[in-house]
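Let me begin by presenting the structure, written as structure tokens, before commenting on it.
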Amino acid sequence: MEKKENKRKFTSGKLLNLAPVIGMILMAAVFLAIAYMKDVNIPYSFKNILNQSIITMVVATGAVFIYTLGAFDISLGASMCVSALVGAMAYNRTGSLLIMLGVCVGCAVLVSLISSVLASVFNLPVFVTTIAMLSLLNAFALVLIKANGTGDVVQVPANAVRGINTVWFKLIVLILFLAFCIFAFSFMKLGRQEKFVGGNPICAALSGLNASKLSIIGFMMAGLGVGLGAFLTITYAPTLSRNTAGSVGMDVIISIVFGGMPVSGGARSRIYSAAVGSLSMTLLSQIMLMLNFDSGISQMVKAVIFLLVVYVSMLNSRKTILPR
Amino acid sequence: MDTIVEIRQMSKSFGPTVALDHVDLTAYGGEILGLIGENGSGKSTATSIYAGMQNCDEGEMLFRGEKWNPSSMNDALKKGVGMIVQENGTVPGISAAENIFLGETKEFMSGLFVNRKKMIKDAQDALNRIGADHINAAAMTGSLDFQDRKLIEIARVMTGSPSVLVVDETTTALSQKGRDIIYRIMQEMKEEGKCVIFISHDLDEIMNKCDRLTVLRDGKIIRTFSHDEFEEGAIKAAMIGRELKGSYYRDDYDGTVSKETVLEADNLNLSNQLKDFSFSLHKGEILGIGGLSHCGMHTLGKVLFAAEKAESGTFTVNGHTVRNEAEAMKYNIGYVAKDRDVESLCLEASIKDNIAIAGLDKFAVNNFLILPKREKQYVNEQVESLSIKCHDADQYVSTLSGGNKQKVAFGKWIGRDSEILILDCPTRGVDIGVKQAMYQLMYRMKQEGKSIILISEELAELIGMSDRLIIMKDGHLAKEFARSPQLSEADAIEYMI
Amino acid sequence: MKLIKKFLVMQLSLLMAICLSACSSGGGSSAEDPTAKTVKIGVLVSDTTSAEALSFRSYYENYIKSVYNVDFMYSDELKDAAAEQSAIDNFIANNCQAIISFASADRPAQIEKCETEGIYYAVATGTLTDEQYEQFKSYKYYVGAIGPDLAIEYQAGYDMAKFYLDQGYTKFGMFTGASVYFTEMHIYRAAGMIAAMCEAGNGDYEGAKGMDIVGKIMSEGGNVNTGKIGSVELNGVVAGYDFDDAWFGKLAAVANDPNVEVLLAVGSGQTAFAGFKPEGKMLGDIDCYTADSVGLMKAGTLNYLAGKFSASIGPIFAATLSAVYGKPIRTADGNAFALSQGYWIATDAETAEKYFEVDSSTTAPAYTKEKLDTLIGASYDDFAKFVSAYSFEDIQK
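As they're listed, the protein sequences go chains D, F and Y. Counted from 1, the first sequence has number 264 at position 254 by the numbering used here; the numbering is strictly sequential. Counted from 1, the second sequence has number 873 at position 238 by the numbering used here; the numbering is strictly sequential. Counted from 1, the third sequence has number 16 at position 15 by the numbering used here; the numbering is strictly sequential.
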């Protein structure tokens, strides 16, 4: 009898780990229910939800490699903006989408590389260098726009990207990238080592792990996601300005937390958190929109749910620790 | 004798683990009650509940005959029950004085500000009172060593002049001086008619200091011994539920080892921790390194794993110089650090993650692809061969008892087939059963031709296990002993002090 | 188990609450008569907090919604072209039949998308460039645009500066708002002001005069430089919306500069200068009529206000609704319309108060249902005539 009770407690812990997924499914159910009642174009809605979450999913999935280390990059959005601008300018020079993709990814990876290598050289927390990068990139975005000489925007001809601005194309990019990240995170040494460094950096060093090297690789993975995100942003909205991707940084953090990953990274990091989180976020936004909530109220509801998720995830880890 | 502490039918579970199963415990004024049991037997859990650190699931507690339900450790201390915990219980980023008066700052408020001068003075008085006058109350806690931080905790608890003091597995981490301070406090409390509950793995110590002794096993009270019933065999049997078979340490006195040198250190220097330190390690040798806590032996362990850099001098492993931890691992060195929870393990990770992390290159296909099946097999081999008590390898290390945690730390290095193992205090805070298993393991490894550097503060185990014993003092090599049945602790101590 | 229950209960109760509020606000009926069915209109907004944005929203929410069978759905604050695309997708998913846009990060993309998806699209308080108009005028779902065109913006700035120059003032300070973000509206207003100074002072702005000043400002990254313009002095300029200490410091410095007699703002002058300037110093602003701005005029803090009136977005609504009802308003050649509409100008508190009273009324605003009804199914000429008679006095007639 007692054993059963214990077994139940044990599985409840595991179930709680699945809470983000359960939350997402619940959210989808509520969305469907309201959509049904409120005269909503459901097939279009699904397409729309995918469209809106895919970019965040891609960037956030890459960013998991940073968060797992217990690190943090505040300049993701700015990096994406600059990468998109550079990519768009490259397209306008060459007319090649492939070159645009290459330039977007190359630029984002380079930015990540600079942040992490600088941090490693000066022995600073990476977070600090990303703050510096944020200002630098914002200024650089303005310089690029000015240099391009087309007012306050840089544009790629809309018909150039129309062909690939489809949910299917984006889904394929997402699935390929997700598969690559899952492979790197779960089937290569990288994921294990990152989780360990995030969980206990001292023990990780004494287990032969080189935190600087891992941080550089982690940031490059994130850069890859940012670059792909920049490319997809151009295909979705080919007019870029200084505000492009302005909300991405915050969306990424919220998605990762919503997906049930601890902000401090470490052993409980999960690669699928980002995808689950950003889908849940978009579903929640859609629910609020259908109810025509004031945008202020929507923000508040999101904030409350965010705090709730953090609170519950902390409860979970606190309770399962035996004092000795 | 008046009854002070009463615990009735206390139960507590952590997830799947039953820590306490209807425990009854009574302690009287004017006595020192010993609690002993294997890791995870529930000693710490029961006492920490009584001291307000956590709640029990069911049961009742009384303090001097009245219902006892402290809301926190601070609350308990104010009402008369203090506890010195096993692990680090101080906050590193603040001064010693602030730690001593943690949560009591309002006592020192003058207007809007804290009167730091008075706080530091009172803290210094508290430190002096317990005989720790070498600690500066204004010093940053993080800059002090483990022993001094422990003494700060003791001073903190004693400022509350408790009528019940719980000392949880504290002495094993302390030098003789630290131990003496605790013993004296315990004795004084006993004489004042107060009550001490003393938890230790050191059977000699506990038999020596206690008036009564209660044995716990698997969350249950097994037996309480009165002083005249104290008998080592009976107590051990009660602890592990069976007679200990075979000998504790190895029983041969053959200290001959292979001529082949696997590790050679030459004139290592590192501030005042290592001074012109040279030695060599042979294949199949257990080399013991002992001394006082600050003699430099713990630093030596780190230097040999390249986790710290010697300022001058060299060491080579099979002829190779080692520049960092990764290289040390490449040349098959393994290192079990002294501070288990911080340096050896990632507590929030699973057993699997902890064991696998050091062996990724061993089981990954082409040192690249990790197949879950191979990983599981690799980890399970260690879990089984070390008999780690767990549900499965996915269990979090934080939910394991001290001994099982240490087995996981061993598993990390044994799994990757380390040829040279540096073990720093491998049996600290580990119960007799696990201890014996570890000694047997070391011996088996020696026989397999592996070399072990055993760094320890326990002379008995050094003498019992080493082929050769080096005593260090102030960073120097003070004396080298060969294995011999005549070697006694007194011989070694002579060179330590 | 307790924990997970707690979490699920919390989550469920929250979602239930959302569900319930959904049930209570559902509804709608179907009939042959197009007016019988609620028309859902999406509103794209790039600004959700300014006084102007709030007064526009209030006109639709508190007046239009109460007299027409329509429902409005608002976007979040849209910062970039991608956000605009997402918002349009949201509207389409929610079966909106038309979109009225106040957002301009990428108008062509908005129009293209609406055309592809078959949803009516109208531009409020803005205009297309000539090129854009040529490109989109024949689109079936493009309704048209009503707003101050750039010539009107230029004129608004010119008129305001001239008002003070005519009184003999010669020392000016300016707030050029989003000019540094290349917002054309603000650049044209600033250029208009400087053009008036060139005329009055008999000088030029770095070699440029009249409309050429626009190009000059553009080439300087949207920045306006201080200096002498003939006999007129431009002694202080602040731009941007940084809202940091340095920005506020600059505003205070210009407002208190003894060499500045008149402060001119291309917008948000109340936020920018009103709080800092000493009593008696002149302040002119292009914004909208709110209780605050009327209060400032009464106090003498503000002396000139060119304001959009909230009901100015009535005609574009009527045109959009007309299109949804199957009676689109098209020019003689069957194209979408492009009409312009200017500001109400008040130079004294009494006038400002009068304007505000009408503008803020939720029962009898400037454009009432009776007036707007005449536009549904109207001819292009009638519609254009109606829109062009935008002055307070014309409307009151």
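Backbone N, C-alpha and C define an ideal beta-carbon position, used for all residues, glycine too. In this text the structure is predicted, and so the values were computed from the model without any measurement.
Close beta carbons around residue i, own chain, < 8 Å, minus the five adjacent residues each side
i         : result
D/Ile3    : Residue 3 of chain D lies beyond the stretch modelled for chain D, which goes from 11 to 334, so this question has no answer here.
F/Leu1094 : Gly925, Glu1124, Ala1127, Ile1128
F/Val749  : Thr740, Phe743
Y/Tyr61   : Val44, Phe73, Ile314, Phe318
F/Ile755  : Ser730, Ala732, Ala772, Ala773
beta-carbon residue i near the ligand ZN non-hydrogen atom, thresh 7 Å
i        : result
F/Lys894 : This structure lacks the ligand ZN, and indeed carries no ligand of any kind.
Neighbourhood of residue i by C-beta, 7 Å cutoff - its chain only, sequence neighbours within 5 removed
i        : result
D/Leu238 : Val68, Val115, Val183, Phe187
F/Tyr663 : Met636, Asp637, Thr638, Ile639, Cys830
Y/Cys20  : Residue confidence for Y/Cys20 is low, a pLDDT of 47 falling below 50, so the modelled location carries little weight and cannot support an answer.
Nearest-angstrom Cα separation, counted from residue j out to residue i
i         : j         : result
F/Val952  : F/Leu779  : 33 Å
F/Thr949  : F/Asp901  : 5 Å
F/Gln721  : D/Phe303  : 54 Å
F/Ser906  : F/Asp1109 : 11 Å
F/Ile1055 : F/Ile968  : 5 Å
F/Asp974  : F/Asn959  : 20 Å
D/Val273  : D/Val267  : 7 Å
D/Met230  : F/Val1000 : 24 Å
Y/Gly222  : Y/Tyr242  : 15 Å
F/Thr638  : D/Gln203  : 54 Å
Y/Lys217  : D/Phe241  : 34 Å
F/Ser1022 : F/Ser1036 : 13 Å
Y/Ala390  : Y/Phe318  : 17 Å
Y/Asp245  : D/Ala232  : 31 Å
Y/Ala152  : Y/Tyr189  : 8 Å
Y/Phe310  : Y/Tyr356  : 8 Å
D/Lys180  : D/Asn58   : 12 Å
D/Val314  : F/Gln1017 : 45 Å
Y/Asn96   : D/Asp49   : 7 Å
Y/Ala54   : D/Gly201  : 48 Å
F/Glu1010 : F/Ala991  : 7 Å
Beta-carbon proximity list for residue i, same chain, < 6 Å, skipping 5 on both sides
i        : result
Y/Thr291 : Ala52
Y/Ile396 : Ala367
Y/Ile346 : Ala307
F/Ala972 : Glu978, Ser979, Asp1059
Y/Thr184 : none
D/Gly270 : Pro30, Ser283
D/Gly287 : Ser265, Ile266, Phe268, Gly269
Chain-ordered neighbours of residue i on chain Y, where CB pairs are closer than 8 Å
i        : result
D/Tyr101 : What D/Tyr101 touches in chain Y: nothing, since even the nearest Cβ is about 15 Å away.
Proximal residues of chain Y, C-beta to C-beta of residue i below 9 Å
i        : result
D/Tyr246 : Ala82, Ala83, Gln86, Ser87
Chain Y contact residues for residue i, given Cβ-Cβ distances below 7 Å
i       : result
D/Val50 : Ala94, Asn95, Asn96
Cross-chain neighbours of residue i in chain D, by beta carbon under 8 Å
i         : result
F/Phe1003 : Met198, Lys199
Y/Met74   : Leu299, Asn302
Proximal chain D residues relative to residue i, where beta-carbon distance stays under 7 Å
i        : result
Y/Gly127 : Per Cβ cutoff of 7 Å: no residues; Y/Gly127 is ~15 Å from chain D at best.
Interface partners of residue i on chain F, CB under 8 Å
i        : result
D/Ile212 : Val977, Glu978
### Query
Of the residues that make up the stretch 69 to 88 of chain D, which ones have a beta carbon closer than 7 Å to any beta carbon in chain F?
none
### Task
Please name the residues in the stretch 156 to 169 of chain D whose beta-carbon is closer than 7 Å to at least one beta-carbon of chain A, in chain order.
No chain A is present in this structure, whose protein chains are D, F and Y.
### Query
In the stretch 172 to 190 of chain Y, which residues sit with their C-beta less than 7 Å from some C-beta in chain D, listed in chain order?
Tyr182, Phe183
### Task
Report the residues of the stretch 259 to 282 of chain D with a CB closer than 7 Å to any CB of chain F, ordered along the chain.
Gly276, Ala277, Arg278
### Query
Which of the residues in the stretch 991 to 1019 of chain F, read from start to end, lie with their CB under 7 Å from any CB of chain D?
Ala991, Ile992, Ala993, Leu995, Ala999, Phe1003, Leu1004, Ile1005
### Task
Can you give me, in chain order, the residues of the stretch 102 to 113 of chain Y that have a beta carbon less than 8 Å from any beta carbon in chain D?
Ala106, Asp107, Pro109, Ala110, Glu113
### Sequence ranges, alpha helix (DSSP H) only - wholly within the stretch 781 to 864 of chain F, length at least 4
781 to 794, 811 to 826, 838 to 844
### Task
Using a Cβ-Cβ cut-off of less than 7 Å, give me the residues of the stretch 238 to 262 of chain Y that come near chain D, in sequence order.
none
### Against chain D: residues of the stretch 215 to 231 of chain Y by CB proximity under 7 Å
Gly222
### Message
Output needed in chain order: residues of the stretch 955 to 971 of chain F with a Cβ under 9 Å from some Cβ in chain D.
### Response
Asn959, Glu960, Ala961, Glu962, Ala963, Met964, Lys965, Tyr970
### Message
Quick check for students: name the residue ranges of the beta strand (DSSP E) that lie wholly in the stretch 48 to 89 of chain Y, counting only runs of 3 or more.
### Response
71 to 75
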